[in-house]
DNA sequence: CTTGGAATGTCAACAAGGTTGACATAGTTT
DNA sequence: AAACTATGTCAACCTTGTTGACATTCCAAG
């Protein structure tokens, strides 16, 4: 094996992989830290943030859609959703076509909180992206996509150009 | 602004940042999925995995060190640590120099479980790295490091060459 | 040598957010 | 009419985090 080849494989050593594992752990903590602080003041947790995020992204999504994306049970999601509806952040409307379904929308108050949360989260991400530069960001996204479960990745990359 | 400049800034649009946020969320789920499956069979959770990981990385580390790294309270860590000691996966030895401190080591059984967990986690990461390639991996690591809390990042990058 | 403070352990109570299981209700489909 | 589907709800439980209070052990400074 030439020197070039061995250098190209260096990023696959167990030690490199261990470091990447820890980087992932610490970075995820940073990633959630700012929204967590905001949520704490509202008596909400990460589960509420996730629901708000995906309702914002796909207004009118059904409970079942949300369950699939979030990967939790309906009982768990329902508990979160109920408080959000009670607090007037989420509007749950009976479906027109199929009236068993509930379509979920953020209210104005919900949109306000969503913006506050995503602004905080994006600020850190934007800073990290700017410091690392576009090439690094492209690599970052590539690796993340390959780390997802294949089925999720397929659905994720399918909407790449949307 | 020239075309080149606007293209260089495209990765900082809110939409791009939203996509990166979701990629982070889904990728982290993939990242923990394999160890989680193994842990479920042992009546352990992620907290046990994290403790095992960092004791493996730094044998003889003290409880206080571990608290700082993991970012949890001593009560929370203690509960996890107690079960690991009871189950014979972790050895807690009174310090020689300072006998108030406990130094933590994995037993042979602990090392065996650690290997099982990290093998599973690394397999997915190795696959993702191989598919994305060395350049992408370098970018991935760069961005992750910039997403950490500054203090953590300083300590993290300090041991880069170790 | 005593006293203060540090490191650790432990007990209790609580909360968030997951889980499973069982069941109700409404609505759609066959 | 019957079967299936989507959702909600109740109850019980688990893991993992929290705070607060207190005991123990030991180092170190006076």
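Chains as they are written, first to last, in my numbering: chain B, 1 to 162; chain W, 1001 to 1162.
By construction, the Cβ of each residue, glycine as well, lies at the ideal position given by its N, Cα and C atoms.
None of these values were measured; they are calculated from a predicted model.
For residue 1060 (chain W), none of the residues of chain B pass the 9 Å Cβ criterion, the least Cβ distance being about 18 Å. Using a CB distance cut-off of 9 Å, residue 1142 (chain W) counts as an interface residue toward chain B. If only uninterrupted alpha helix (DSSP H) runs of at least 4 residues are considered, those enclosed by the region 10 to 57 of chain B are 14 to 40 and 46 to 57. Just measuring C-alpha positions, the residue of W:1101, W:1114 and W:1032 sitting nearest residue 1052 (chain W) is W:1114. Among the residues facing chain W, residue 118 (chain B) is included, as its CB has a counterpart in that chain under 9 Å away.
Residue 94 (chain B) counts as exposed, since fewer than 16 other beta carbons sit within 10 angstroms of its beta carbon. Sixteen is the threshold: since fewer than 16 other Cβ atoms of the shown chains lie within 10 Å of the Cβ of residue 123 (chain B), the residue is exposed. When DSSP reads this structure, residue 137 (chain B) sits in no beta bridge, so it has no partner. DSSP places residue 93 (chain B) in the uninterrupted beta strand (DSSP E) bounded by 90 to 94. Think of a sphere of 8 Å around the beta carbon of residue 121 (chain B): the chain W residues whose beta carbon falls inside it are 1021, in chain order. With respect to chain W, the C-beta atom of residue 44 (chain B) has no partner C-beta closer than 9 Å.
Contact between the region 1096 to 1103 of chain W and the region 1054 to 1063 of chain W is present, with at least three C-beta pairs closer than 8 Å. The CB of residue 1136 (chain W) comes closer than 8 Å to the CB of 138, 139, 140, 142 and 143 in chain B, given here in chain order.
The three-state secondary structure of residue 157 (chain B), taken from DSSP, is helix.
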